[in-house]
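What follows is one structure encoded as structure tokens, with my remarks underneath.
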Amino acid sequence: MANFGCRDALGVQGSELFFVKWNNFYQLHIRYLFSMHLHLLAQTEASGSYWPFTVLALGILFVVVAIAVFRIHAFISLILAAVLVGALSSSLPGGEGDNHIVTAIGLSMTEFGSTAGKIAWVIALAAIVGVCLMESGAADRIVRGMVRTLGEKRAGVALVLCSFFLSIPVFFDTVFFLLIPLAQALAFRLGKHYLYFVMAMCSGGVITHGLVPPTPGPLVMVETLNLNLGFTILSGIGLGVIPAFAGLYFGKWLDGRMNIQFRESPGIKIADIETIVSKKDNELPSFLVS
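For any residue, its number in this note's numbering is found by taking its place in the sequence shown, counting from 1, and adding 355.
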């Protein structure tokens with residue numbers, strides 16, 4: 356068994372888990388920025404001014420500089436960027452007679468609250484299911500079934516396919532919390548390839564999350580551009596296969612060059628997982644129940 360106490364650079368443990376867990380809230384502000392940019396483009400068409408494009412560029416530049424240069428947390432950066440775009444816009448929806456900056460802040464907070472009310476419970480339930488999978492041994496039971504059916508060499512393929520299709524109807528964050536216990540248990544069982552399994556899980560999920568409706572982002576694009584929903588779903592799945600498997604093989608290449616291993620964090624103890632992995636099949640839940 357490999358030493359899983361080394362530093363995990365994957366960002367799925369400890370304080371980094373906060374970023375993953377709140378990613379859907381970041382998407383809220385990205386969606387707000389997107390809707391604001393559509394409003395700016397409408398202004399451009401009506402007035403012939405190129406100022407809206409300047410505001411768009413400034414909003415993107417602000418996010419990049421705030422995160423990459425000043426190391427401001429992405430959550431805070433996107434909130435500030437949403438307010439900045441609204442403040443720089445020549446007009447805002449429903450803002451007649453009100454202070455312009457106050458309206459920009461109000462729109463940002465309103466959209467944040469609306470989306471948080473819809474998805475917070477989904478994120479929380481996904482985290483609970485993930486913990487249940489790991490602590491009950493159900494994750495290890497699923498991993499054993501995958502390895503027996505596909506073989507150790509194809510375990511990454513199984514993870515990328517699972518995340519690829521699961522991320523179509525639900526948020527990628529939810530899929531992440533559901534599948535990360537499988538990647539962890541698989542790495543414990545085989546004693547290697549932790550980076551590869553996590554990359555496999557992520558590469559499938561992020562592609563369909565960004566390309567295939569009814570995931571909210573692509574669905575907004577379908578509605579905005581008046582596209583055919585069925586054709587968009589099929590084309591998104593077809594085109595998404597290539598980058599998903601490209602990410603899988605990149606993860607395999609990266610895994611051969613970086614020794615990324617699992618580490619302990621509050622609520623996830625290596626000794627506890629090793630105990631589960633060492634159990635016999637008859638001591639674990641059935642595959643169907645898992």
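For each residue, glycine too, the CB sits at the ideal point set by N, CA and C. Small disclaimer: the values here were computed from a predicted structure and weren't measured.
Task: Simplified DSSP state of ARG612, which is helix, strand or coil - done: Mapped onto the sequence shown, residue 612 falls at position 257. In this structure, ARG612 counts as coil in the three-state DSSP scheme.
Open item on the list: Give me the residue from MET554, VAL525, SER444, CYS557 with the minimum Cα distance to TYR405.
Closed with: On the sequence shown, residue 405 is found 50 positions in, with the first residue counted as 1. Cα-wise, what sits closest to TYR405 is SER444.
TODO: Give the DSSP-derived three-state secondary structure of ASP453 in the structure shown.
DONE: If you number the sequence shown from 1, residue 453 lands on position 98. Three-state DSSP puts ASP453 in coil, outside helix and strand.
- [ ] Have a look at ARG426, GLY560, ILE588, LEU521 and flag the residue whose alpha-carbon is nearest the alpha-carbon of PRO598.
- [x] For the purposes of this step, residue 598 is taken as residue 243 along the sequence shown, with counting starting at 1. Measuring from the Cα of PRO598, the nearest candidate turns out to be GLY560.
Task: Whole-Å CB distance - GLY564 paired with SER590, under 8 Å assumed - done: Here residue 564 refers to the residue found at position 209 when the sequence shown is read from its first residue. Here residue 590 refers to the residue found at position 235 when the sequence shown is read from its first residue. Before going on, a small fix: residue 564 reads as His here, not Gly. 16 Å between Cβ atoms; not a contact.
- [ ] Give the range of the alpha helix (DSSP H) segment to which ARG544 is assigned.
- [x] As a first step, residue 544 must be located in the sequence shown, where it is residue number 189. That run of the alpha helix (DSSP H) goes 527-545.
Open item on the list: Can you give me the C-alpha to C-alpha distance between ALA555 and VAL457, rounded to a whole angstrom?
Closed with: Position 200 of the sequence shown holds residue 555. Position 102 of the sequence shown holds residue 457. Their backbone Cα atoms lie some 44 Å apart in a straight line.
Open item on the list: Could you give the first and the last residue of the continuous alpha helix (DSSP H) run that contains HIS564?
Closed with: Against the sequence shown, residue 564 aligns to sequence position 209. 549-566 is the extent of the alpha helix (DSSP H) around HIS564.
Task: Continuous alpha helix (DSSP H) stretch holding SER432: start and end - done: The residue given as residue 432 occupies position 77 in the sequence shown. Counting along the chain, the alpha helix (DSSP H) containing SER432 begins and ends at 429-443.
Open item on the list: I'd like to check one pair, GLY492 with LEU639: are the Cβ atoms closer than 8 Å?
Closed with: Sequence index remark: in the sequence shown, residue 639 carries index 284 (1-based). Sequence index remark: in the sequence shown, residue 492 carries index 137 (1-based). Result yes, Cβ atoms of LEU639 and GLY492 sit closer than 8 Å.
TODO: Kindly indicate which residue of PHE552, SER558, THR587, TYR551 has the alpha-carbon position closest to the one of PRO568.
DONE: Reading the sequence shown from its first residue, position 213 is the one you call residue 568. When each option's Cα is compared against that of PRO568, the closest is THR587.
Task: the stretch 433-448 touching the stretch 411-425, judged by at least three CB pairs closer than 8 Å - done: yes
Task: Residues of its chain near TRP377, where Cβ-Cβ distance is below 7 Å and the 5 sequence neighbours each way are ignored - done: Start at 1 with the first residue of the sequence shown, and residue 377 comes out as number 22. In this prediction, TRP377 scores a pLDDT of 45, lower than 50, which makes its location untrustworthy; the coordinate-derived value is nonetheless stated afterwards. So the list reads PHE430, once near-sequence residues are dropped.
Task: Local conformation of PRO640 per DSSP, three classes - done: Translated into positions along the sequence shown, residue 640 becomes position 285. In this structure, PRO640 counts as coil in the three-state DSSP scheme.
- [ ] Taking only the alpha-carbon atoms, compute the straight-line gap between SER463 and ARG503 and give it to the nearest angstrom.
- [x] Taking the first residue of the sequence shown as position 1, residue 463 is located at position 108. Taking the first residue of the sequence shown as position 1, residue 503 is located at position 148. Rounded to the nearest angstrom, the two C-alpha atoms are 50 Å apart.
Open item on the list: Let me check understanding here. Comparing Cα to Cα, which of ARG544, ASP610, LYS607 lies closest to LYS635?
Closed with: The sequence position of residue 635 within the sequence shown is 280, counting from 1. Nearest C-alpha to LYS635: ARG544.
TODO: From the DSSP output, in three-state form, read off PHE425 for me.
DONE: Position 70 of the sequence shown, counting from 1, holds the residue named residue 425. Three-state DSSP puts PHE425 in coil, outside helix and strand.
TODO: May I ask which residues mark the beginning and end of the alpha helix (DSSP H) holding GLY511?
DONE: For the purposes of this step, residue 511 is taken as residue 156 along the sequence shown, with counting starting at 1. Note, GLY511: alpha helix (DSSP H), 510-521.
Task: Nearest-angstrom Cα separation, counted from ILE415 out to SER446 - done: Within the sequence shown, residue 446 is the residue found at index 91, counting from 1. Within the sequence shown, residue 415 is the residue found at index 60, counting from 1. Rounded to whole angstroms, SER446 to ILE415 spans 19 Å at the Cα level.
TODO: With DSSP collapsed to three states, give me the class of TYR604.
DONE: Sequence index remark: in the sequence shown, residue 604 carries index 249 (1-based). In this structure, TYR604 counts as helix in the three-state DSSP scheme.
Open item on the list: Rounded to the nearest angstrom, what separates LEU534 and HIS428 at their Cα positions?
Closed with: The residue you call residue 534 lines up with position 179 of the sequence shown. The residue you call residue 428 lines up with position 73 of the sequence shown. For LEU534 and HIS428, the distance between alpha carbons rounds to 25 Å.
- [ ] Would you mind working out which of ALA540, CYS517, LEU550, ASN581 sits nearest GLN616, comparing C-alpha positions?
- [x] Translated into positions along the sequence shown, residue 616 becomes position 261. It is LEU550.
TODO: May I ask you to check if the CB of LYS547 is nearer than 7 Å to at least one heavy atom of the ligand HEM?
DONE: The ligand HEM is not part of this structure, which contains no ligands at all.
Task: Where THR570 falls: helix, strand or coil (DSSP) - done: Reading the sequence shown from its first residue, position 215 is the one you call residue 570. Here THR570 sits in coil by DSSP.
Open item on the list: Quick check: the Cα distance between SER469 and LEU537, rounded to an integer number of angstroms?
Closed with: In the sequence shown, the residue the question calls residue 469 occupies position 114. In the sequence shown, the residue the question calls residue 537 occupies position 182. Answer to the nearest angstrom: the Cα atoms are 32 Å apart.
Open item on the list: Measuring straight from C-alpha to C-alpha, what distance separates PHE380 and ASP528?
Closed with: By one-based count along the sequence shown, residue 380 stands at place 25. By one-based count along the sequence shown, residue 528 stands at place 173. Note that PHE380 scores a pLDDT of 48, beneath 50, so its modelled location is shaky and nothing firm can be said.
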